[in-house]
Structures are given as C-alpha cells and as structure tokens.
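Heads up: take any position in the sequence shown, counting from 1, add 8, and you land on the working numbering. Every residue, glycine too, gets a C-beta built ideally from N, C-alpha and C. A short write-up of the structure that comes next.
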Amino acid sequence: MIRFENVSKVYPRTHTHALRTVDVRIRKGEFVYITGHSGAGKSTLLSLLLRRTAPSEGRVLVNGQDLARLPERKLPLLRRAIGMVFQDHRLLASLSAEENLTFALRATGTRGDLQQRALQVLRQVGLAHKRKAYPIELSLGEQQRVAIARAMVTNPPLLLCDEPTGNLDPDTSWEVLELLSDLNIRGTTVVIATHSRELVDRLRRRTLVLRGGELVRDDDAGGYAL
9 MIRFENVSKV YPRTHTHALR TVDVRIRKGE FVYITGHSGA GKSTLLSLLL
59 RRTAPSEGRV LVNGQDLARL PERKLPLLRR AIGMVFQDHR LLASLSAEEN
109 LTFALRATGT RGDLQQRALQ VLRQVGLAHK RKAYPIELSL GEQQRVAIAR
159 AMVTNPPLLL CDEPTGNLDP DTSWEVLELL SDLNIRGTTV VIATHSRELV
209 DRLRRRTLVL RGGELVRDDD AGGYAL
C-alpha cells in the first residue's frame, strides 16, 4: 500500500535533513508504529504521504501511485482515502460531535443519510450518547475519540495518526490505542507516529525507528528501542 523508495527530504531554508534515504514498504492491513525522538522525521513521513510536502530525492507511492506525479486536481481523491488523526484533535469548536463528522462527510462529497452515518461511527467509538455535545463539553479522551471517528467516517483504507495520545493520561491513551487496534482488525491500515514507550511496548506491532532522519530499525516484533 505504501512505498518509500530511497526518500530524502531537505528543507532548503534551514538546510535541515528531515529524512535520509528512507526505503521501506508498508503492506495493506498492517499496524505500524513510527518512533524516534523529536525531530527524527516522523511527522515529515506523514506529510509526504498526504503530499503536503514533496521528497527532495526518491519516490513516495501510495497504492502504486507516485505522489510526485499526481495532478493537483486528484489530490482531494488521495486525501479522501486517508484518514488523519492529530495530537490536538483539531475539532471545529462551533460544531457538535455529530456535526464535526457530517462536516467531514460533506467535504468529501459523501451522499445519503449523513447523520445516520455519523451516529453509526460515533457508536463504534462509544460516544453516541455525546453526539450533540460540543468539543468544550468533552474530556480530552472523548475529543480524541471524536477525532478518530471523524477520520474513519468516510471509510478510508489508510489511517495516519500523529502523536494521537500525546495529550492523554496513560489509561485514556490505552483506550485510544485499543480503538485504533480494533479498526486495524477490521481491515484499516494504521500508521502511528509516536514517542510513547509505554504504548509501543504494551501493544507490540511492527515498529520503524527513525534517528536523525535515517531509518535505523524495522522490527516486526515491535517494542520501543531508540
């Protein structure tokens, strides 16, 4: 599903080498951690997959499509096929939990009963009873569950998560991780950028370790080691 072919990324203004000749493949249906210290290149990898930035060298492919050759008019289609969960959830404060999901559905051109679809997904994350609540009325863990629901409401085959538990306490972080694991079991490819040793060690999955932009470890057995 995902292929990085000798990918390097240099930011010209600062001459920062965010990635150095990264070569890796992520198969459909995998659950993969990307770990490393701050500045190791984790977020850059995710940005490349969304084509928010382009590689300085090498190729990034999603489902066989070279993203550098993807016309601008097809970028919305690419991003509709990728769910994104951020550390700070990025919910729209003026919309309820349900409305945040229906907004995402409208933005991707989804038709049909949008409220029913939103309710169905909120039920999956255990928040159907909070569908009318606004973000300020939800706990941080509930806000992150709504953010995950929003990312999955369009049934994307690929879910990217950038430090999804960074603002959460250990128990709530584990609940979020279990939810992501359940999505993976149902067929979604899940890629999580994280520096949480506890989570990576507790739920062991394939782990990619970045150090200074280089891929220094690719371990199917998982476990946190930098």
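Here the alpha carbon of Ser55 sits roughly 20 Å from the alpha carbon of Thr162. Closest by C-alpha distance to Leu86, out of Arg205, Leu167, Thr173, Ser204, is Leu167. When secondary structure is reduced to three states using DSSP, Glu38 falls in the coil class, being assigned neither helix nor strand.
Only residues of its own chain outside the window of five on either side were considered, and among them Ala26 have a CB closer than 8 Å to the CB of Tyr19, listed in chain order. Straight through space, the alpha carbons of Ser181 and Phe94 are spaced by roughly 13 Å. A residue is called buried when at least 16 other Cβ atoms come within 10 angstroms of its Cβ; Arg213 meets this threshold and is buried.
The way I'd put it, the stretch 203–210 does touch the stretch 39–48; three or more beta-carbon pairs between them come closer than 8 Å.
Of Arg88, Glu38, Ile34, the smallest CA-CA separation from Arg59 is found for Arg88.
Gln152 carries a helical assignment under DSSP once its states are collapsed to helix, strand and coil. When C-alpha distances from Asp227 are compared across Thr118, Val32, Leu148, Thr197, the shortest belongs to Val32. C-alpha of Pro63 to C-alpha of Leu146: approximately 38 Å in a straight line. The DSSP assignment places 24–34, 39–43, 65–70, 90–94 as complete runs of the beta strand (DSSP E) inside the stretch 24–110, in order along the chain (cut-off: 3 residues). Annotation: the continuous beta strand (DSSP E) that includes Leu168 extends over 166–170.
In the DSSP assignment, Leu127 falls outside any beta strand (DSSP E) and lies within the alpha helix (DSSP H) extending over 122–132. Per the Cβ contact rule, the stretch 191–199 is in contact with the stretch 32–41 (3 or more Cβ pairs under 8 Å).
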